[in-house]
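Residue numbering for the sequence shown follows numbering that gives the first Met the number 0, beginning at 0 and increasing consecutively.
Every residue, glycine too, gets a C-beta built ideally from N, C-alpha and C.
Some notes on the structure that comes next.
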Amino acid sequence: MISLHSSAIKASLHRSVPCNFLPLRSLSVSFSSRSLLPSKVKRNLSVVSASIGGSSMSSNNGSRRLSSQVAESFFRSVLGQMETVYLNRNPTPKSVLELVRSLDGNEQLCYDHLAFRTFGIGGYGIDSLASFFLDYGYTQMDELKFPAKKLRALWFAPPDDSALPCGSGVNGPLPRVFISELLVEQMTSQAQDVIRKYTEASPGGKKYAALSSALGILPWEKPLSSEFEQLARESEYAAWTLVNGYALNHVTISVHRLKSHLNKIKKLNQFLEEKGFKLNSEGGVLKVSPDGGLLQSSTVADSISFKFSDGVVKSIPCSYIEFAERLVLPQFQNVPESDIKESHRRDGFEVGNADKIFESTYQEQLSRRTG
0 MISLHSSAIK
10 ASLHRSVPCN
20 FLPLRSLSVS
30 FSSRSLLPSK
40 VKRNLSVVSA
50 SIGGSSMSSN
60 NGSRRLSSQV
70 AESFFRSVLG
80 QMETVYLNRN
90 PTPKSVLELV
100 RSLDGNEQLC
110 YDHLAFRTFG
120 IGGYGIDSLA
130 SFFLDYGYTQ
140 MDELKFPAKK
150 LRALWFAPPD
160 DSALPCGSGV
170 NGPLPRVFIS
180 ELLVEQMTSQ
190 AQDVIRKYTE
200 ASPGGKKYAA
210 LSSALGILPW
220 EKPLSSEFEQ
230 LARESEYAAW
240 TLVNGYALNH
250 VTISVHRLKS
260 HLNKIKKLNQ
270 FLEEKGFKLN
280 SEGGVLKVSP
290 DGGLLQSSTV
300 ADSISFKFSD
310 GVVKSIPCSY
320 IEFAERLVLP
330 QFQNVPESDI
340 KESHRRDGFE
350 VGNADKIFES
360 TYQEQLSRRT
370 G
């Protein structure tokens, strides 16, 4: 892949990019974000801009409702583009989703959460992506810390009125969002130098984090293969982020919302393993929170071929799919099953579970795919 600093690529930024973004590219610092958006999203963005401008001059309830509807359409369109890039690059999540949907009678399939990784330096960390979700109405919730991995994370709850009764995936009830960041200042000076080399050379990339994710484009130049290997020796999370940027790290199926017999995570895990899918075995296939209310598992990440800036082509870890079952809280055990809502179930995340799920992209787990 060629650099976006070349004249040919800069010229191409004035044209729309197609929806299937299989190869990773680099994101130029000085580009027109509107020109990169797919036509449907561009139309929505134009209407959103007009609606926002008009709403400050009018208190008409009908106009506000229209503005809200258009904003939601735009927001879901961006999530849809993130999902498209994710599914195009990762055959395992695509196959799992298709299989589960077929067994669930093509009923509504809900996402529990979406997850992203970032570099906690120079404005490229959690906040660079969080602003997109906060602007839509998400609420910042708890912080999680992972000292051994030099990571921290925040999760964000969707707006209360975000549920769509008939939608599926990103068009259904809006998922939670989990954004983590590498604590770069805790890394060795050599690792910090590599990360700063790319983030500081592209200071504007952090402004377009959501766009970068939606288009499948790196917010900085492609690195050298030796730099990727250097980071991987110290932090596989860091190496993953260097070559994947703001790409969707994983989506998570809400297991308890499934209609089929697979609505228990142990049954789903067994079914997937029988079908030949490799599940992350770090800490055991099933990760259970200390209170027993949050049960999680995940596949091992897919790998893609990546051409580094020095011309070397290597297989790199990409993304995976996760599964989460949230049990009914003790105080709601007497509520009839038909009346159980998501608010009656265990919410939030668990450090112990997430710590092991991070390793779905680690080489030790990836080696099991070919073992």
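Looking at C-alpha atoms only, which residue of the options is the closest neighbour of residue i?
| i | options | result |
| --- | --- | --- |
| ARG175 | LEU150, ASP192, VAL250 and ALA190 | VAL250 |
| ASP309 | SER225, MET186 and THR91 | SER225 |
| MET186 | SER234, LYS265, GLU199 and LEU223 | SER234 |
| SER101 | SER211, ASP301, LYS306 and LYS258 | LYS258 |
| LEU173 | PHE132, ALA200 and GLY282 | PHE132 |
| SER253 | LEU326, PRO222 and LEU278 | LEU326 |
| GLY96 | VAL350, SER366 and ILE320 | In the sequence on display, residue 96 carries Leu and not Gly. When each option's Cα is compared against that of LEU96, the closest is ILE320. |
| SER302 | ALA147, SER359 and GLY104 | SER359 |
| VAL350 | LEU143, CYS109, LYS306 and GLU71 | LEU143 |
Less than 8 angstroms between the CB atoms is what I'm expecting for residue i and residue j, so what's the real figure, rounded?
| i | j | result |
| --- | --- | --- |
| TYR123 | LYS205 | 5 angstroms |
| THR240 | LEU181 | 7 angstroms |
| ILE120 | ILE178 | With 8 angstroms as the limit, ILE120 and ILE178 do not qualify as a contact, their Cβ atoms being about 15 angstroms apart. |
| LYS148 | PHE357 | 6 angstroms |
Locate the beta strand (DSSP E) running through residue i, then write down its first and last residues.
| i | result |
| --- | --- |
| ASP141 | 138–145 |
| PRO316 | 312–316 |
| SER297 | 293–297 |
| THR251 | 249–253 |
With DSSP run on the structure shown, which of helix, strand or coil describes residue i?
| i | result |
| --- | --- |
| TRP239 | helix |
| GLU281 | coil |
| ILE303 | strand |
| PRO22 | Low confidence applies to PRO22: its pLDDT is 42, below 50, so where it sits in the model is not reliable, and the reading given next is rough at best. PRO22 falls in the coil class under three-state DSSP. |
| ASP159 | coil |
| PHE74 | helix |
| HIS260 | coil |
| GLU106 | coil |
| LYS340 | coil |
| GLN362 | helix |
| ARG151 | strand |
| THR198 | helix |
| LYS41 | Confidence is the limiting factor: at LYS41 the pLDDT is only 45, short of 50, which leaves the residue's position unreliable, though a coordinate-based value still follows. Note: LYS41 maps to helix in three-state DSSP. |
Need the endpoints of the alpha helix (DSSP H) that residue i sits in, please.
| i | result |
| --- | --- |
| LEU271 | 264–273 |
| GLU324 | First-last for GLU324: 319–325, but that is the beta strand (DSSP E), not the alpha helix (DSSP H). |
| VAL176 | Looking at the DSSP string, VAL176 is not in any alpha helix (DSSP H); the run it does join, the beta strand (DSSP E), is 175–181. |
| GLN229 | 224–233 |
| ASP134 | 125–135 |
| GLY351 | 350–356 |
Return yes when at least one heavy atom of the ligand MG lies under 7 angstroms from the C-beta of residue i, else no.
| i | result |
| --- | --- |
| GLU97 | Of the ligands one can find in the structure shown there are none, so the ligand MG has no counterpart to examine. |
Taking contact to mean 3 or more Cβ pairs, one atom from each stretch, closer than 8 angstroms, check whether the segment 82–99 and the segment 262–280 are in contact. yes
Touching by the beta-carbon criterion (3+ pairs, under 8 angstroms), the segment 282–296 and the segment 73–88: The segment 282–296 is not in contact with the segment 73–88.
Are three or more beta carbon pairs between the segment 217–231 and the segment 191–200 nearer than 8 angstroms? yes
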